[in-house]
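Structure record follows, encoded as structure tokens.
Next up, the structure:
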């Protein structure tokens, strides 16, 4: 099957190449801000009753840029045209998201109108889709106008696939994170359909804060608490940054130190999440998770920091593409399925179960079990219940019906996956 897969490598650019990369990032930001200023100007003119065209799509923004670039950016030849196209593409996507959100056609929280980008704020990146983009050897990549750049880590995994004809590079995104440069190649990869170690087994996964995940098998994955490990250093570095004169050499140095600490926490978090999701997708035939309303959970001020550090939504996102790779099926329980309050032995449902109560005790059958493991067992049992009687089923005691689970099914190889009730 053909899938889209990203390969990410840390770069080791020379000082000249680093300046060129920073110039391309700046060019992308310039194009975004120029396009946004033009859109606002045209919208104001239209509000005054003037008959003007508002460049809203990427082709329209490109036409305006090509007409005006010699006047507004006489230095445009210093960078690849992809840098400006990347900025205009980002603006077109932001405008489209705002428009769809305003009309109620976009899921999730409401999206505001695009704002101007400031240097040093937000993600610093640039995307290349055409030109000289390739993996040159095991330790070098080639980027448009940048040239041959050394990597900190071997590119063997991607190079072998390209040489074997099972991978094709579609684009390259260069980003600066934590004071370091990275390149991510988006590739179309031919993957052989995998097979999990135990294809007939179902596992329920209860993600949380005390443990990153508790499985219905009783296995518990510890929460790395990556932010807590560096929080004291982050606090100290933040205070040091606040004492520096903004824009000074000391301020820049303190800012880079703070960025490295945040990158360290992010790397620890991602490492733990990838190990967990790889284990689940490659071991079990069916993986059952809950649909967590993370945005609502983050409104709890006492738990917001640890919830954000745990990145619970990322577990589901990674499983959504790893399960099809390994031949597993991902099933999502409905948002209000009472996995924690339901007894996994008899099916009795408690009216309430406070978070402080870490042990589940059933008054009906006397079951005493860790609350997270009880929830994971209920999630695993949900698959058998749905498969046995369709979209709605009763439990063994004839109590309230269980709503249907939702299954992540790939529409076609390499495409986005949609959720189908069943």
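Numbering (my numbering), first residue to last: 39 to 460.
Idealized CB from N, CA, C, for every residue including glycine.
Every value quoted in this text rests on a predicted model; they were computed, and no experiment measured them.
Here the segment 205 to 213 does not lie against the segment 375 to 387, with fewer than 3 beta-carbon pairs under 8 angstroms apart. Residue 330 sits in coil when the DSSP states are folded into three classes, being neither helix nor strand.
Runs of beta strand (DSSP E) with 3 or more residues, each lying fully within the segment 177 to 237, are found at 178 to 181, 185 to 188, 205 to 215, 218 to 228, listed in chain order. According to the DSSP assignment, residue 287 belongs to the alpha helix (DSSP H) that extends over 287 to 321. Nearest to residue 236 by C-alpha distance, out of 314, 418, 320, is 320. Counting along the chain, residue 371 sits inside the beta strand (DSSP E) bounded by residues 367 to 371. With a cut-off of 8 angstroms on Cβ pairs, the segment 237 to 256 is in contact with the segment 314 to 328, counting three or more such pairs.
Sixteen is the threshold: since fewer than 16 other Cβ atoms of the shown chains lie within 10 Å of the Cβ of residue 188, the residue is exposed.
Taking a cut-off of 8 angstroms on C-beta distances, the segment 55 to 68 touches the segment 106 to 118, as three or more cross pairs fall below it. When DSSP states are grouped into helix, strand and coil, residue 118 belongs to the coil group.
The three-state secondary structure of residue 386, taken from DSSP, is coil. For residue 81, the number of other beta carbons within 10 angstroms of its own is below 16, and it is reported as exposed. Within the same chain, Cβ atoms closer than 6 angstroms to the Cβ of residue 398 are found at 407, 409, 412, the five residues on either side in sequence being excluded. Remark: C-beta atoms of residue 417 and residue 254 approach each other more closely than 8 angstroms.
In the three-state DSSP reduction, residue 162 falls in the strand class (E or B). For residue 349, there is no enclosing alpha helix (DSSP H), as DSSP marks it with neither H nor E. Taking 8 angstroms as the cut-off, the beta carbon of residue 139 is found no closer than this to the beta carbon of residue 213. Sorting 371, 161, 299 by C-alpha distance to the C-alpha of residue 271 places 299 at the top.
Note on geometry: alpha-carbon atoms of residue 275 and residue 282 lie some 11 angstroms from one another. For residue 374, the three-state secondary structure derived from DSSP is coil. The secondary-structure analysis by DSSP pairs residue 55 with nothing; it has no beta-bridge partner. Counting only runs of at least 4 residues, the segment 63 to 116 fully encloses the following alpha helix (DSSP H) elements, listed from N- to C-terminal order: 96 to 110.
Residue pairing by DSSP puts residue 408 in a beta bridge opposite 397. Between residue 47 and residue 179, the beta carbon gap of about 7 angstroms places them in contact (Cβ cut-off 8 angstroms). From the listed residues 267, 232, 316, 217, the smallest Cα separation to residue 290 is found for 217. In this structure, the CA atom of residue 365 is about 35 angstroms from the CA atom of residue 181. By the beta-carbon neighbour count (other beta carbons within 10 angstroms, threshold 16), residue 370 is buried. When the beta-carbon positions are compared, residue 350 and residue 318 stay at least 8 angstroms from each other.
The Cβ atoms of residue 165 and residue 209 lie closer than 8 angstroms to each other.
When rounded, the separation of the alpha-carbon atoms in residue 220 and residue 404 is 55 angstroms. Your pair residue 174 and residue 186 checks out as a contact, with CB atoms roughly 6 angstroms apart and the cut at 8 angstroms.
DSSP lists no bridge partner for residue 419. Counting along the chain, residue 271 sits inside the alpha helix (DSSP H) bounded by residues 264 to 281. Taking the Cα positions, residue 104 is about 52 angstroms away from residue 374.
Here residue 117 is buried. Its C-beta has 16 or more other C-beta atoms within 10 Å.
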